[in-house]
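Enquirer:
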Amino acid sequence: MFAAIDATPSTSVIQVAEQAQAAARDVTIAIAANPGSFVSYTLATILMMSIFGMLWRVRARLMRGIEETLVSNWQLGLLGATGIILSLASGYTTWDGMRNFTGEALLSGMVTFGIQGVMLIAAWLIGESFAVGMNQQPVKRSTGAMGLDAMTANILGAVVGIALFVAVLSLFLPAGTGSVIGGSGFGRGLPQDATGWTKFGDQLLWVVTALLALAFVALFASSDLLKPYVQSTRIIIKNMILWVMFLACMATSVFFSFDSLFASIFPQSERMRAAELRAQNQVAGIMADIEVRIVGSRLEEAQNLFQSPGFQAYDAQLSKLAEASRAASTEIEAYFNQQLEDRNRAIKQQQERAATAQGAQAGLSLKRNRSARN
Numbered sequence: 347m348f349a350a351i352d353a354t355p356s357t358s359v360i361q362v363a364e365q366a367q368a369a370a371r372d373v374t375i376a377i378a379a380n381p382g383s384f385v386s387y388t389l390a391t392i393l394m395m396s397i398f399g400m401l402w403r404v405r406a407r408l409m410r411g412i413e414e415t416l417v418s419n420w421q422l423g424l425l426g427a428t429g430i431i432l433s434l435a436s437g438y439t440t441w442d443g444m445r446n447f448t449g450e451a452l453l454s455g456m457v458t459f460g461i462q463g464v465m466l467i468a469a470w471l472i473g474e475s476f477a478v479g480m481n482q483q484p485v486k487r488s489t490g491a492m493g494l495d496a497m498t499a500n501i502l503g504a505v506v507g508i509a510l511f512v513a514v515l516s517l518f519l520p521a522g523t524g525s526v527i528g529g530s531g532f533g534r535g536l537p538q539d540a541t542g543w544t545k546f547g548d549q550l551l552w553v554v555t556a557l558l559a560l561a562f563v564a565l566f567a568s569s570d571l572l573k574p575y576v577q578s579t580r581i582i583i584k585n586m587i588l589w590v591m592f593l594a595c596m597a598t599s600v601f602f603s604f605d606s607l608f609a610s611i612f613p614q615s616e617r618m619r620a621a622e623l624r625a626q627n628q629v630a631g632i633m634a635d636i637e638v639r640i641v642g643s644r645l646e647e648a649q650n651l652f653q654s655p656g657f658q659a660y661d662a663q664l665s666k667l668a669e670a671s672r673a674a675s676t677e678i679e680a681y682f683n684q685q686l687e688d689r690n691r692a693i694k695q696q697q698e699r700a701a702t703a704q705g706a707q708a709g710l711s712l713k714r715n716r717s718a719r720n
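Going by our numbering, the sequence shown opens with residue 347, and the numbers climb by one from there.
1. Is the beta carbon of residue 465 sitting closer than 9 Å to the one on residue 586?
2. Tell me the DSSP secondary structure of residue 506 in three-state form.
3. First and last residue of the alpha helix (DSSP H) that includes residue 654?
4. Cα separation between residue 422 and residue 618?
5. Tell me whether the segment 626–635 and the segment 463–482 touch, counting them as touching only if at least three CB pairs, one residue from each stretch, are closer than 8 Å.
6. For the alpha helix (DSSP H) that residue 455 lies in, which residues bound it at each end?
7. Taking only three categories from DSSP, how would you classify residue 533?
8. Since residue 462 and residue 437 should fall inside the 8 Å C-beta cutoff, what is the C-beta to C-beta distance between them, to a whole number of angstroms?
9. Could you name each continuous beta strand (DSSP E) segment of 3 residues or more that falls completely within the segment 557–632, going from the start of the chain to the end?
10. Can you tell me whether DSSP reads residue 419 as helix, strand or coil?
11. Among 515, 577, 454, whose alpha-carbon lies nearest the alpha-carbon of residue 476?
12. For a test of the three-state rule: what should DSSP assign to residue 680, helix, strand or coil?
13. Let's test the definition: count the other Cβ atoms within 10 Å of the Cβ of residue 709 and tell me whether it reaches 16, buried, or not, exposed.
14. What is the rounded straight-line gap between the Cα of residue 657 and the Cα of residue 651?
15. Round the Cβ separation of residue 441 and residue 455 to the nearest angstrom and send it over; I've been treating them as touching at under 8 Å.
16. Hey, residue 561 and residue 506 are a contact pair by Cβ (cut 8 Å); roughly how many whole angstroms apart?
17. Could you tell me which of 433, 514, 478 sits nearest to residue 580, measuring between CA atoms?
18. Taking C-beta to C-beta, are residue 517 and residue 551 nearer than 9 Å?
19. Please classify residue 452 as buried or exposed, where buried requires at least 16 neighbouring CB atoms within 10 angstroms.
20. Please classify residue 648: is it buried, with 16 or more other beta-carbons within 10 angstroms of its beta-carbon, or exposed?
21. Going by Cα to Cα distance, which pick from 606, 413, 395 is closest to residue 445?
22. Give the DSSP-derived three-state secondary structure of residue 701 in the structure shown.
23. How is residue 708 classed by DSSP in three states: helix, strand or coil?
24. Verify whether the separation of the beta carbon atoms of residue 602 and residue 439 is less than 9 Å.
25. List the whole-angstrom C-beta distance separating residue 471 from residue 593, where the pair is believed to meet the contact cut-off of C-beta under 8 Å.
26. If you draw a straight line from the alpha carbon of residue 715 to that of residue 695, how long is it in whole angstroms?
27. Just the Cα atoms here: how many angstroms apart are residue 414 and residue 502?
28. Look at the alpha carbon of residue 704 and the alpha carbon of residue 711, and state the distance between them as a whole number of angstroms.
29. Would residue 480 and residue 574 qualify as a contact pair, given that the criterion is a beta-carbon distance under 9 Å?
30. Measuring alpha carbon to alpha carbon, tell me which of 598, 512, 583 ends up nearest residue 559.
31. Could you work out which residue in 583, 515, 433, 717 is closest to residue 555 when comparing CA atoms only?
32. For residue 404, name the three-state secondary structure that DSSP assigns.
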């Protein structure tokens, strides 16, 4: 019994050691089969642990800042929270779509983190630029726009507005100079030189319309109606670098997010099925085209055959043979009648010979019987 008790722990230890060796062997085989994934997951684990450690070290200040923001300005806190949550959601779909292209989870994660970080910061800076720029008031001047007094600016603006209205009306009316847009146009039916001048006039009218629109905006830039739009355009142009960064990151994120969502909506099996159906439809269309081509070629060759000199000569010979057969119908009928009479005559002769032979045979039988009696 003591021996059995002593042997039991050693057996369990051996089993555990064998299981550990098998697990280590499986891990080694998996690492050797795909070392890139092992390195990627290792670096991702180290990165996550580093980020968690940094957040753990500043957790007190972070919680204090979040609390102060929520208490003092909860709208700003809510905006920041929604921005972070939307960035995480967009980042996940971007990472999933990019992984379909790269095949590496860590590389896709790093690129996604950069894209979402740049886009979030650029969006925040763009919003801040609007918040600051829209509150800036330009220096008030005694004169109106473009150094003119209010009365002159209003009169000039009215003239420019009327001219702009006439130019736009002439562009988009069907019978106007803007017939290049799709109207009937009055330049139709003119000589080539006149048509060329008409096209030049159309292009010149577009330029004049654009200049009138710019002049109208410049005259009324300080009005309450156009001032916010002019100020917004000025802010956008001033911060064009931020807009380029934001739009580039947004386009990249939208592209890979669309790939991720499209892959979930339209999986690979459905793509293969759609490709097979498309191929079958194309094959059916090709076969139908081939059949139509064969029928057309057959009709064309038949027509060419009927129009060929050899067939025409053959047709002429057939016509001559038909005429000859119609002309010799009586001779043919007499020939067949003669053949029929000859056949009947031969049959009658054969019947007569058979009757003669039977009579001779009967006479011989009678003589034989008489001789037998004697």
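The beta-carbon is built from N, C-alpha and C at its ideal position, and this holds for glycine as well.
Expert: The answer reads as follows:
1. Taking the first residue of the sequence shown as position 1, residue 465 is located at position 119. Taking the first residue of the sequence shown as position 1, residue 586 is located at position 240. Contact: no.
2. Position 160 of the sequence shown, counting from 1, holds the residue named residue 506. It is helical.
3. Numbered from 1 along the sequence shown, position 308 holds the residue referred to as residue 654. It is not in any alpha helix (DSSP H) - residue 654 carries neither H nor E in the DSSP assignment.
4. On the sequence shown, position 76 is the one that residue 422 refers to. On the sequence shown, position 272 is the one that residue 618 refers to. Their backbone Cα atoms lie some 48 Å apart in a straight line.
5. A contact is defined here as three or more CB-CB pairs under 8 Å, and the segment 626–635 fails this definition with respect to the segment 463–482.
6. Against the sequence shown, residue 455 aligns to sequence position 109. For residue 455, the uninterrupted alpha helix (DSSP H) segment begins and ends at 451–479.
7. For the purposes of this step, residue 533 is taken as the residue at position 187 of the sequence shown. Confidence at residue 533 is low in this model, with a pLDDT of 46, below 50, so its placement is unreliable and the value that follows should be read with caution. Coil.
8. Taking the first residue of the sequence shown as 1, we reach residue 462 at position 116. Taking the first residue of the sequence shown as 1, we reach residue 437 at position 91. About 4 Å; that satisfies the 8 Å criterion.
9. The segment 557–632 contains no complete beta strand (DSSP E) run of 3 or more residues.
10. Counting from 1 along the sequence shown, the entry for residue 419 is found at position 73. In the structure shown, residue 419 sits in coil (DSSP, three-state: anything other than H, G, I, E or B).
11. Within the sequence shown, the letter at position 130 stands for residue 476. Considering only alpha carbons, the answer is 577.
12. Counting from one through the sequence shown, the residue named residue 680 turns up at place 334. The three-state reading of DSSP puts residue 680 in helix, counting H, G and I together.
13. Against the sequence shown, residue 709 aligns to sequence position 363. Exposed, since its Cβ has fewer than 16 Cβ neighbours within 10 Å.
14. Within the sequence shown, residue 657 is the residue found at index 311, counting from 1. Within the sequence shown, residue 651 is the residue found at index 305, counting from 1. Between residue 657 and residue 651, the C-alpha separation is close to 7 Å.
15. Translated into the one-based positions of the sequence shown, residue 441 becomes position 95. Translated into the one-based positions of the sequence shown, residue 455 becomes position 109. Yes, residue 441 and residue 455 are in contact; Cβ-Cβ is about 6 Å, under 8 Å.
16. Stepping through the sequence shown from its first residue, residue 561 is reached at position 215. Stepping through the sequence shown from its first residue, residue 506 is reached at position 160. Confirmed, about 5 Å.
17. Walking along the sequence shown from the start, residue 580 turns up at place 234. Comparing Cα-Cα distances from residue 580 to each of 433, 514, 478, the minimum goes to 478.
18. Your numbering for residue 517 matches position 171 in the sequence shown. Your numbering for residue 551 matches position 205 in the sequence shown. Against a cut-off of 9 Å, the Cβ pair of residue 551 and residue 517 comes out as a contact.
19. In the sequence shown, counting from the first residue as 1, residue 452 sits at position 106. Counting Cβ neighbours within 10 Å, residue 452 comes out buried, since at least 16 surround it.
20. On the sequence shown, position 302 is the one that residue 648 refers to. By the 10 Å Cβ count, residue 648 comes out exposed.
21. Position 99 of the sequence shown, counted from the first residue, corresponds to residue 445. It is 606.
22. The residue given as residue 701 occupies position 355 in the sequence shown. In the structure shown, residue 701 sits in a helix (DSSP, three-state: H, G or I).
23. The residue labelled residue 708 in the question sits at position 362 within the sequence shown. Three-state DSSP puts residue 708 in a helix.
24. Residue mapping note: residue 602 aligns to position 256 of the sequence shown, counting from 1. Residue mapping note: residue 439 aligns to position 93 of the sequence shown, counting from 1. Result yes, Cβ atoms of residue 602 and residue 439 sit closer than 9 Å.
25. What you label residue 471 is simply residue 125 of the sequence shown in a count that begins at 1. What you label residue 593 is simply residue 247 of the sequence shown in a count that begins at 1. So it is not a contact: roughly 14 Å between Cβ atoms.
26. In the sequence shown, residue 715 corresponds to position 369, counting from 1. In the sequence shown, residue 695 corresponds to position 349, counting from 1. Near 31 Å, if we compare the C-alpha coordinates of residue 695 and residue 715.
27. Looking up residue 414 in the sequence shown gives position 68. Looking up residue 502 in the sequence shown gives position 156. The alpha-carbon atoms of residue 414 and residue 502 are separated by roughly 54 Å.
28. Working through the sequence shown from its first residue, we reach residue 704 at position 358. Working through the sequence shown from its first residue, we reach residue 711 at position 365. As the crow flies, the alpha-carbon of residue 704 is around 11 Å from that of residue 711.
29. Looking up residue 480 in the sequence shown gives position 134. Looking up residue 574 in the sequence shown gives position 228. Annotated as proximal: residue 480 and residue 574, with beta-carbon spacing under 9 Å.
30. By 1-based counting over the sequence shown, the position of residue 559 is 213. Of the listed residues, the one whose Cα sits closest to residue 559 is 512.
31. Sequence index remark: in the sequence shown, residue 555 carries index 209 (1-based). It is 515 whose Cα lies nearest to the Cα of residue 555.
32. Against the sequence shown, residue 404 aligns to sequence position 58. It is coil, neither helix nor strand.
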